[in-house]
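Using our numbering, you'd call the opening residue of the sequence shown number 41 and step up by one each time.
Glycine is no exception: its CB is placed at the ideal position from the N, C-alpha and C atoms.
Quick caveat, the model's predicted, so the values are computed rather than measured.
Report on one structure; see the data block that follows.
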Amino acid sequence: MQKFDTKTFQGLILTLQDYWARQGCTIVQPLDMEVGAGTSHPMTCLRALGPEPMAAAYVQPSRRP
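Take a look at the structure:
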């Protein structure tokens, strides 16, 4: 297990990504386009259609008017 400086934003994200990767999740890079709810992200939406279980973790930017 790697140790990251969680006092920084980058270190906090790296810590969370490391944790979820160790739980078996696929770490997905953020998508910079309007996707509505997080369930509309192509990685989760398209993979959820298949019969196999899937687990993904990603930081999703939020755009607010």
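- According to the DSSP assignment, tyrosine 59 belongs to the alpha helix (DSSP H) that extends over 49 to 62.
- In this structure, the beta-carbon distance from leucine 54 to phenylalanine 44 falls below 7 angstroms.
- Under the three-state reduction of DSSP, threonine 84 is assigned to helix.
- The three-state secondary structure of alanine 96, taken from DSSP, is strand.
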